[in-house]
Amino acid sequence: MGKPNDLVQGMLDLLILKTISLEPKHGWAIAKRIQQISNEVLQVQQGSLYPALHRLEQKAWIKAKWAETETGRKAKFYSLTAAGRAQLEKEAANWSRLSGAINLVVESA
Amino acid sequence: MDWARQLWMRLQTLFRRDHLTQDLDDEVRFHLDEQIAENIAAGMNKEEARHTALRIFGNPSLLKEDVREAWGWVWLEQIGQDLRYGFRSLRKNLLFTVVAVLTLAFGIGANTAIFSLMDQVLLQLLPVKHPEQLVLVAERGIRFGDSWGDNDVSYPMYRDFRDHNQVFSGMFCRFPTSINLGYGDRTERVSAELVSGSYFSVLGVTAIIGRTLTPDDDRVPGGHPVAILSYSFWESRFSSDPSIVGKQIVTNGYTFTVIGVAQAGFDGVELGYKSKVFVPMMMKAQMTPRSGGLEDRSLSWVTAYGRLKPGISIARANASLQPLMHSILEVEVQEPRLQHYSTYDRAQFLKNTVELLPGSQGWSGLRERMQTPLWVLAALSGAVLLLACANLANLLLARATTREREMAVRLAIGAGRRRIIRLLLVESLLLSVIGTVVGLGLAFLADRVLLATYFSADSAGDFPISSVPDVRVLVFALGTTLLTALVFGLAPAIQSSRADVAPALNDRAGSAVGAKQVFLRKLLVSGQMALALLLLVGASLFLRTLANLESTGPGFSTERLVTFRVDPSLNGYGDERTKDIFRRLAEDLQTLPAVSSVGLSTMPFLQGNGWSNPVIAEGYVTDPGQEPPAIVNEISPNLFKTLDAPILAGRDIAPFETRPVALINESFARKYFAGRNPIGLHIGLVNEQSTAQDVPNLEVVGVVKDLKFKNLRDPAPVEAYYPYWQGVKFRFMTFYLRTRFDPRQVMETVREQVRQLDPNLPVVDLRTIDEQIGLSLKTERLVASLSAVFGALATALAVIGLYGVMAYTVARRRREIGIRVALGALQSDVLWMVMQQVVVLSGAGLAVGGLLAFALSSLIRSQLYGLQPHDPLTYVWAAVVLAAAACAAGFIPSWRASHVDPMHALRHE
Chain A
689 MGKPNDLVQG MLDLLILKTI SLEPKHGWAI AKRIQQISNE VLQVQQGSLY
739 PALHRLEQKA WIKAKWAETE TGRKAKFYSL TAAGRAQLEK EAANWSRLSG
789 AINLVVESA
Chain B
12 MDWARQLWMR LQTLFRRDHL TQDLDDEVRF HLDEQIAENI AAGMNKEEAR
62 HTALRIFGNP SLLKEDVREA WGWVWLEQIG QDLRYGFRSL RKNLLFTVVA
112 VLTLAFGIGA NTAIFSLMDQ VLLQLLPVKH PEQLVLVAER GIRFGDSWGD
162 NDVSYPMYRD FRDHNQVFSG MFCRFPTSIN LGYGDRTERV SAELVSGSYF
212 SVLGVTAIIG RTLTPDDDRV PGGHPVAILS YSFWESRFSS DPSIVGKQIV
262 TNGYTFTVIG VAQAGFDGVE LGYKSKVFVP MMMKAQMTPR SGGLEDRSLS
312 WVTAYGRLKP GISIARANAS LQPLMHSILE VEVQEPRLQH YSTYDRAQFL
362 KNTVELLPGS QGWSGLRERM QTPLWVLAAL SGAVLLLACA NLANLLLARA
412 TTREREMAVR LAIGAGRRRI IRLLLVESLL LSVIGTVVGL GLAFLADRVL
462 LATYFSADSA GDFPISSVPD VRVLVFALGT TLLTALVFGL APAIQSSRAD
512 VAPALNDRAG SAVGAKQVFL RKLLVSGQMA LALLLLVGAS LFLRTLANLE
562 STGPGFSTER LVTFRVDPSL NGYGDERTKD IFRRLAEDLQ TLPAVSSVGL
612 STMPFLQGNG WSNPVIAEGY VTDPGQEPPA IVNEISPNLF KTLDAPILAG
662 RDIAPFETRP VALINESFAR KYFAGRNPIG LHIGLVNEQS TAQDVPNLEV
712 VGVVKDLKFK NLRDPAPVEA YYPYWQGVKF RFMTFYLRTR FDPRQVMETV
762 REQVRQLDPN LPVVDLRTID EQIGLSLKTE RLVASLSAVF GALATALAVI
812 GLYGVMAYTV ARRRREIGIR VALGALQSDV LWMVMQQVVV LSGAGLAVGG
862 LLAFALSSLI RSQLYGLQPH DPLTYVWAAV VLAAAACAAG FIPSWRASHV
912 DPMHALRHE
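Written out as structure tokens, the structure is:
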């Protein structure tokens with residue numbers, strides 16, 4: 689436990705932004721979604737997820753709203769703001785550039 | 012939009028923190044519930060599902076901490092916590108808090124009270140435009156003729172400067188004088204100011220209604236009967252009547268028209284003299300009957316101010332004015348009045364210079380008088396603050412020791428050193444702030460008391476000093492507070508944060524840190540003792556000065572002696588009528604059964620002023636120019652009988668005798684008639700018409716006892732008296748009455764008597780001589796009483812400090828003492844062992860303090876009377892008092908130590 693974790697902060701931000709880019713999701717769903725899509729490779733610690741969510745909200749990249757889930761329970765749903773969408777595009781582009789570069793180095797060696 | 016949303020979020024996290032926290036709880040709970048639900052779906056039972064969910068989730072408190080950090084404002088939250096905690100721990104140690112707060116309150120209160128007075132008396136600038144450009148124009152060198160003050164010049168000289176200088180954007184002059192003012196059916200005496208037409212415009216003071224004076228209101232002597240009222244006078248005397256402009260008032264019997272009211276807060280340019288009415292200079296003859304002066308170059312009476320042109324320094328202006336000054340002197344030296352002086356004297360006269368003094372505060376005799384005493388008091392109160400700070404540091408150090416364990420626990424569970432230092436600093440800051448608030452309250456009360464006892468009598472509440480602290484005073488207090496908190500909170504705080512966790516937790520008290528700390532505390536206590544001795548020595552020097560002044564007395568009996576003054580010339584009465592009033596009033600008062608004797612003298616005793624005049628004496632060769640003038644006074648018969656001062660040789664003057672006669676005092680006889688019998692010999696007064704060939708014309712008929720004249724401090728001057736009716740001008744007179752019983756009961760009768768004689772004649776300064784002496788000793792009394800209070804405070808603080816350290820030492824050595832007793836030490840041995848420390852501590856302090864006082868006390872030599880700054884008795888007295896107090900304070904812990912029960916002490920470990 690604790691702050692340092694498998695995911696670097698910038699990456700976690702990118703994952704969160706990407707995950708909620710299609711539709712608003714609550715924290716639990718975000719964590720689940722990241723886990724599923726990554727074939728259980730990426731495990732998001734709650735101790736990192738929620739501080740990250742609140743930090744992104746402070747930066748006004750995402751906004752939160754209480755709404756009902758399909759099961760009829762109240763949950764806090766996060767969705768992208770316009771600024772968040774722009775940020776997502778920037779970070780995604782950044783990431784593919786970076787991962788492509790790393791791939792090149794790793795595979796050619 | 013982005014920044015708006017961000018700002019909105021920031022505000023939310025600041026002001027809706029509780030709501031957000033609730034929100035976060037809900038969010039976390041939802042997450043857990045989902046996890047539990049999933050676990051149950053995976054086949055766990057309820058209990059198992061919950062456990063697993065919690066384990067996966069991790070530490071919710073930590074998560075919440077991290078989220079809060081994401082919200083920002085954590086520092087604010089922590090300070091809030093520190094404050095809350097600080098309050099709680101101060102409340103828990105109420106005794107500590109009360110002692111610390113009072114210590115600080117006294118230190119800060121004393122300083123703020125004195126600073127508040129200093130600020131207003133010494134630092135405040137005039138409430139006018141660009142006061143820093145104002146300078147006072149004074150003449151330096153030999154001056155022939157009469158002068159009202161060292162910095163005054165003659166009106167023609169002012170005019171010359173005004174018309175021919177190149178350095179001032181404007182000049183004005185002023186002269187303070189009292190007038191009789193009638194409005195409606197009431198006549199009263201008020202303080203007024205004769206001012207040049209340029210006064211208001213150069214100062215930049217405007218009228219709130221009507222208009223101010225212009226140079227056109229000040230052209231023809233006697234031709235401008237107009238007056239400006241001060242705002243406060245308009246408010247109090249005319250109830251802020253807006254229709255006052257154009258109305259008429261009667262001043263000194265002349266009808267004047269009010270043309271305006273000056274802006275609020277402006278009461279003239281002299282601190283301690285609140286001008287209520289401003290009248291054009293050209294009305295001088297009407298305001299001060301029979302002392303002309305508008306064209307008289309031999310009479311220096313106006314204070315001349317100039318406003319420097321922008322960019323011109325005082326030094327440059329000074330240099331540029333010298334040639335102008337010289338050309339003025341060239342004209343003056345040709346005047347007939349200077350022709351009988353020697354060529355040498357006239358050459359010296361031509362060397363006179365002009366001096367520019369900073370005028371941003373105006374000029375004030377009050378300020379000149381109060382300057383040194385206020386600085387002395389400021390130094391004393393500063394020492395009290397230092398003592399208070401040492402006490403506080405001592406208290407905080409002691410407290411740091413008792414909290415060693417608490418701090419160790421904090422460090423052990425992960426608090427950072429910075430956080431601990433901050434917590435302790437917040438605590439001492441809290442103490443300081445509370446201390447300051449209490450201190451400000453004390454200062455306000457103290458200033459009120461001081462003003463009431465010290466200043467009120469000056470001009471019946473007209474004093475421009477208030478006890479309400481202004482912004483500068485508050486800034487001063489706040490600065491003092493922050494400094495105290497930092498300086499005296501930091502050391503203990505840093506020390507605490509260094510606490511060695513293991514030994515502290517193991518309760519091994521008395522570690523090396525403790526020993527070092529004890530040494531520091533002992534040093535502080537010795538320092539306190541030294542400062543306290545310094546203050547006690549100062550206090551007793553000042554108290555004895557006051558006592559000396561009071562007991563030396565003026566040389567005559569003050570019992571049942573009443574005095575008052577009248578000034579019929581202000582009513583425009585001529586010489587004959589004025590002289591007649593003096594004579595009839597003296598006769599009427601003499602007939603009162605309550606009055607045993609009446610005496611008159613033109614210049615009053617013990618009021619700080621007097622006429623000095625060069626004299627010549629038969630058979631005494633005068634060295635012209637080198638001879639200091641004697642004091643002369645005009646008197647009536649029976650004055651010395653009334654004062655109960657014997658005529659030692661010869662006789663008193665006879666009522667209305669026409670032969671030119673004089674009385675001289677012992678000093679006069681010793682100086683001018685050494686070894687000769689002065690009776691029947693002659694003296695003469697030198698005046699402008701005198702020539703070197705003059706023969707002394709006043710026959711000495713009697714010698715009287717030496718009496719103090721200007722004040723109690725100065726020895727009796729060389730003085731001569733002659734009959735008042737033989738004088739040339741009749742303006743005002745001081746009456747002295749010896750009453751048969753309580754003088755208070757006679758006063759109303761006196762007033763009534765004057766009213767019967769002339770209802771328009773105000774009685775001025777009616778009081779007993781004792782009261783008047785009291786007034787003349789105001790400054791001494793202020794300094795003495797305050798330094799006594801400071802000395803007492805200092806002693807109390809030092810003694811508290813000593814007690815604290817000794818009590819702490821004894822507590823630390825309990826075990827050791829227990830062993831000593833168990834091994835056979837007697838109670839008296841233990842008592843002496845502890846008392847020895849008390850003696851060493853206070854002895855060291857007293858020695859240092861004695862040296863300090865010895866070195867510093869010569870600085871106040873000029874303030875003392877009748878004793879030397881190194882007066883041994885004072886030092887011994889102060890040291891004995893302090894040592895006794897210290898021993899008393901040290902005895903309590905010593906006695907407690909000697910009664911330690913060894914069984915109990917040893918088992919306690």
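Chains A and B, in that order, give the protein sequences. For the first sequence, our numbering gives the first residue as 689, with consecutive numbering after it. For the second sequence, our numbering gives the first residue as 12, with consecutive numbering after it. Just so it is clear, CB atoms sit at the ideal spot from N, CA and C, and this is done for glycine as well.
- Between the stretch 128-143 of chain B and the stretch 203-221 of chain B, the count of Cβ pairs shorter than 8 angstroms is three or higher; the stretches touch.
- Residues of the same chain with a CB within less than 6 angstroms of the CB of B/Leu797, apart from the 5 flanking positions on each side, are Leu388 in chain order.
- The Cβ of A/Gln746 sits closer than 7 angstroms to at least one Cβ of chain B.
- Sixteen is the threshold: when 16 or more other Cβ atoms of the shown chains lie within 10 Å of the Cβ of B/Asn405, as they do, the residue is buried.
- From the beta-carbon of B/Gly427, no residue of chain A is found nearer than 9 angstroms; the closest lies around 16 angstroms away.
- Within chain A, the residues whose beta carbon sits less than 7 angstroms from that of B/His42 are Gly715, Trp716, Gln734, listed in sequence order.
- Not a single CB atom of chain B sits nearer than 7 angstroms to the CB of A/Ala774.
- In this structure, the straight-line span from the alpha carbon of B/Val344 to that of B/Gln333 is close to 16 angstroms.
- The Cβ neighbour count for A/Trp754, taken over all protein chains shown within 10 Å, is under 16; the residue is labelled exposed.
- Judged by DSSP in its simplified three-state form, B/Leu205 adopts strand.
- Residue-level contact check: A/Pro712 does not touch chain B, since none of the beta carbons of chain B fall below 7 angstroms from its beta carbon.
- Identification of residues in the stretch 72-84 of chain B having a C-beta nearer than 8 angstroms to some C-beta of chain A yields Leu73, Leu74, Asp77, Val78, Glu80, Ala81, Trp82, Gly83, given in sequence order.
- If you look at B/Gly264, you'll find it isn't in any beta strand (DSSP E); DSSP assigns it neither H nor E.
- Within chain A, the residues whose beta carbon sits less than 7 angstroms from that of B/Phe68 are Gln734, listed in sequence order.
- Under DSSP, the beta-bridge partners assigned to B/Thr314 are B/Arg185.
- Listed by position along chain B, the residues whose Cβ is nearer than 8 angstroms to that of A/Arg761 are Phe41, Asp44.
- Taking the Cα of B/Asp725 as reference, the smallest distance to any Cα among B/Ile690, B/Gln618, B/Ala890, B/Val821 is reached at B/Gln618.
- Residues Trp754, Glu756 of the same chain have their beta carbon placed closer than 7 angstroms to that of A/Lys762, with the five preceding and five following residues left out of the count.
- About 5 angstroms separates the beta carbons of B/Ser392 and B/Asn122, which is inside the 8 angstroms limit, making them a contact pair.
- Identification of chain A residues near B/Arg27 by a Cβ-Cβ cut-off of 7 angstroms yields none; the smallest Cβ-Cβ distance measures about 13 angstroms.
- By the Cβ neighbour-count rule, B/Phe179 is buried, with 16 or more other Cβ atoms within 10 Å of its own.
- A/Tyr738 reaches chain B at Leu35, Glu38, Val39, His42, Leu74, Lys75, Asp77, Val78, Ala81, counting residues in chain order whose Cβ is nearer than 9 angstroms.
- For the pair B/Ser338 and B/Lys287, the CB atoms are not nearer than the 7 angstroms cut-off.
- Inside the stretch 618-642 of chain B, DSSP marks whole beta strand (DSSP E) runs of 3 or more residues at positions 622-624, 626-628, from first to last along the chain.
- Counting along the chain, B/Asn104 sits inside no beta strand (DSSP E), nor does DSSP assign it H or E at all.
- No Cβ-Cβ contact shorter than 7 angstroms links B/Gly322 with B/Trp312.
- Residue pairing by DSSP puts B/Arg151 in a beta bridge opposite B/Thr364.
- In terms of beta-carbon proximity, A/Lys778 stays away from the interface with chain B, with every pair separated by 7 angstroms or more.
- Residue contact check for A/Ala789 against chain B: no CB pair falls below 7 angstroms.
- For B/Ile67, same chain residues with a beta-carbon under 8 angstroms away, outside a window of 5 residues either side, are Gln46 in chain order.
- Less than 7 angstroms separates the beta-carbon of B/Lys533 from that of B/Leu852.
- Boundaries of the beta strand (DSSP E) harbouring B/Thr745: 744-750, taken from the DSSP string.
- Look at A/Leu768 here: in three-state DSSP terms it is strand.
- Of the candidates B/Gly446, B/Arg154, B/Pro689, B/Pro689 places its Cα closest to the Cα of B/Val714.
- Flagged as an interface residue toward chain A: B/Met20, by a C-beta distance shorter than 7 angstroms.
- Listed in chain order, the non-local C-beta contacts of B/Ala15 below 7 angstroms within the same chain number zero, local neighbours out to five positions each way being set aside.
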